[in-house]
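All remarks here apply to the structure that follows.
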Amino acid sequence: MTDGTAGTAATQAPEENPVLYVARPMATAARQFVKSLVRPSTIVYPYERLEDPRFRGEVAVASGKPIGVGAVWDNYRGVHALNIATCISCNLCAFSCPDLCIEMVTVPGGDPKHPKKCPQIDYGKCSYCGFCSDACPEGCLTMTTRYELSTPKRSEMVYSPQKLNEVFRSKLPMNPIRLERPENEDRILLDPPLCIGCNACARDCPTACITMLDVPKPEGKPGAKLPKRIWKEPVVNDSDCVRCGTCISVCPKECLFWGSRP
Amino acid sequence: MSTVTLYSVSYDLAHDLLFLLGWILHYGPAAAAVENPNVVTGLGVLIFAAILLAASMLNTIVLIWYERKLLGRFMDRRGAMHVGYAGLLQNFADGLKLFRKHTTQPAEADHVGFYFGPTAYMVSSLVIFGILPISTGWNSGALPLSLLLALVVFSFAPLFIFVSAWSSNNKYSLMGGLRSAAQMIAYEVPLLLAVVAVVVVAGSFSLTTIVYEQQNYWFWGPLVVALVVFVAAMLAEMERIPFDLPEAEAELVEGWNTEYGGMLFAFFMLADYLRALVGSILIVLLFLGGWTMPGWVPSAATSFPLAGIFWFMLKTYLVFGLFVWVRASLPRVRTDQLLRVGWNRLIPLSLLSVFLAAALVSVRCLPVFGCVPSPGG
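Chains A and B supply the protein sequences, listed in that same order. Reminder that position 207 of the first sequence reads as 208 in the working numbering, one-by-one numbering, no gaps. Reminder that position 375 of the second sequence reads as 372 in the working numbering, one-by-one numbering, no gaps.
Here it is as structure tokens:
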């Protein structure tokens, strides 16, 4: 027998030996049986939880760290927590939601002329992607480790801002999802000839980073027709701007746009 | 306790009940009628049958629970655990649910066959349980040929399965029925040949006598080849994994019971597990000494009331645990493999076992002849 044709016992197919063919899987099953007699791997969910201290060290998250009491899973995305106090009503969460489950609703305690609006989330539609938390510029909409949301009523699946704020106040472990922003992020640019200086952008800017500066009234020939406008132009403070695009939405003349020009 | 038997218990119960009824009727002619010995005997037989039915059904349902729990551990999980203690009542709840369900008969199915098949399958399986002796007191079928009768009734099943499969008017059912018939007929032969080995050694077809012959040593030692053949053939007869080709849910939807629902499906399910119970009981009776215990077991453990039944059921459940173990381990075989194993391997092995048994008896080299005294199985 040459080396190529001689097979060892380990490389032989198990079908060759009918006794081994039966005995080997039965030995495996018996080993499993004895092992799970002490405790099967199943964590009996409603009675036991993955985050119980008894499972510390037994169950590891993706990064290899053990799950402990109150620890946050790596990128775990459960029910949202909303800090109403720091919410600036920028709409970015509702814009970024792929399931259209976020609706901006009025919350009490705002300026009566410009009511404060905060996200209301319909968990019947939510897919827990975390885009809203990523988009939130103030870090006031985060995702927590709470995952028990089942209710007998469909209406109870809609979480009002107040309810989300209660989740925030319950001090659950939070997982602020905030991805890195690109270096040359697009900024708000102005097309000056179109602007009429109406102040809508500065009025509605949630971070108040737009200031209306005077522009010199052109000195034309007397009798020449000047455009009818207020001689002011918006200037955006880029370090404060959260890129929510509210100014673009409210501009009546479509003179604001996204661009990368310095 | 040796004089108390299952029949005496049911007869006494019938007698007491009818005496109470007569006392209520104030010794009139009606009382005389109910205390007629024939009436008492008839009621006694009815109570006897009711006890047998209740025992078989209870054991069957507990057997399903036992399999679910064992299989759970083999698969690193827990099985049923919510209804009742450790899920013990889950199968009763399932049975109630099936009992309440409507039975749908497929269009153009044969009405008589569709209903006759499961019912006859169930009834024939129940009859076997009535034949088998469980202990000295529970010895209803003390017939001289009880083993033969049990096996004959056991082999009715392919006919009923095939009738119900054919009358379902479904190709999967028909294929499952055909497979079932082929498989059961192929494995009847080694099964009966393995039994012949036991009969040769015990010298009787009576199950009670076979157990009494095993008082000093159990048959599995000298007849280990017959035991292996019997267990393999019994696995095929019970259509359990790895020989569950007739049900093969991956190929034929649910085999011959595809079209059945509700109580008719429950009949099939119960009868399947009843046959598994009967198979385990037969193995215990033929090879593992029935209700006897080896001599090294202290007498306190073998002489308490109902000790025979206790040890018998313990052995039965351990044997069924072996079947569950096999189910958890082995994959399903193909049809050609199944038939090749049956005809090419098991029949020569069973013939060998018959030959070995005959040789053992003829050279008188068995403990019963004083050759090798070895107490206990």
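Don't be surprised by glycine CBs; every beta carbon is placed ideally from N, CA and C. All values derive from a computational prediction rather than experimental measurement.
K233/A has its alpha-carbon roughly 8 Å from the corresponding atom of C199/A.
At least one beta carbon of chain B lies nearer than 8 Å to the beta carbon of V23/A.
Residue pairing of P235/A in beta bridges, as defined by DSSP: M213/A. Residue-level contact by beta carbon holds for L38/A and chain B, with a gap shorter than 8 Å. Less than 8 Å separates the beta-carbon of L336/B from that of A183/B.
Per DSSP, E104/A is not a residue of any alpha helix (DSSP H); the beta strand (DSSP E) it occupies stretches across I103 to V108. Boundaries of the alpha helix (DSSP H) around A263/B: G259 to F284. Taking the Cβ atoms as the reference, F202/B lies roughly 7 Å from P141/B, within the contact range of under 8 Å.
By the C-beta density criterion, R237/B is buried, having at least 16 other C-beta atoms within 10 angstroms. The alpha helix (DSSP H) runs lying completely inside the stretch 105 to 170 of chain B and spanning 4 residues or more are 108 to 128, 143 to 151 and 154 to 164, given in chain order. Look at the stretch 224 to 239 of chain B: it has no residue with a C-beta under 7 Å from a C-beta of chain A. Residues are counted here when their Cβ sits less than 7 Å from a Cβ of chain A; for the stretch 182 to 205 of chain B the count is zero.
At least 8 Å separates the beta-carbon of C94/A from that of L165/A. In the structure shown, the three-state DSSP call for W217/B is coil.
The contact set of V45/A on chain B, defined by CB atoms closer than 8 Å, consists of R75 and M78 in chain order. The residues S165, N166, N167 and E256, in chain order, have a CB closer than 7 Å to that of P103/B in the same chain once the five nearest residues on each side in sequence are set aside. Listed along the chain, the chain A residues whose CB falls inside 8 Å of the CB of W62/B amount to none; the nearest CB is some 17 Å away. Contact check for A230/B against P187/B passes: the beta carbons are separated by less than 8 Å.
Around the beta carbon of N56/B, 16 or more other beta carbons lie within 10 angstroms, which makes this residue buried. In the DSSP assignment, F301/B falls outside any beta strand (DSSP E) and carries neither an H nor an E. By the Cβ-count criterion, Y214/B is buried, with 16 or more other Cβ atoms from all chains shown falling within 10 Å of its own Cβ. Cβ atoms of A194/B and V321/B stay farther apart than 8 Å, at about 26 Å. Below 8 Å, too few C-beta pairs join the stretch 11 to 29 of chain B and the stretch 203 to 222 of chain A to call them touching: fewer than three. Contact between the stretch 177 to 187 of chain A and the stretch 106 to 114 of chain A is not established, with fewer than three Cβ pairs separated by less than 8 Å. Under the three-pair Cβ rule at 8 Å, the stretch 81 to 97 of chain B does not count as touching the stretch 238 to 256 of chain B. Neighbours of R70/B in chain A, taken as residues at a C-beta separation under 7 Å, are given in chain order as F34, S37, L38 and P41.
For V6/B and F240/B, the gap between their C-alpha atoms comes out near 41 Å. Not flagged as an interface residue toward chain A: S300/B, since no C-beta distance is shorter than 8 Å. Not flagged as an interface residue toward chain B: P120/A, since no C-beta distance is shorter than 8 Å.
C-alpha of K118/A to C-alpha of E255/A: approximately 24 Å in a straight line. Chain A has a Cβ within less than 8 Å of the Cβ of L327/B.
The Cβ atoms of V222/B and L357/B lie no closer than 8 Å to each other.
Looking at the DSSP output, M175/A sits in a beta bridge with T145/A. Rounded to the nearest whole angstrom, the C-alpha separation of G305/B and I125/B is 20 Å.
W340/B has a beta carbon lying at 8 Å or more from every beta carbon in chain A.
When Cβ-Cβ separations below 8 Å define contact, W217/B makes no contact with chain A.
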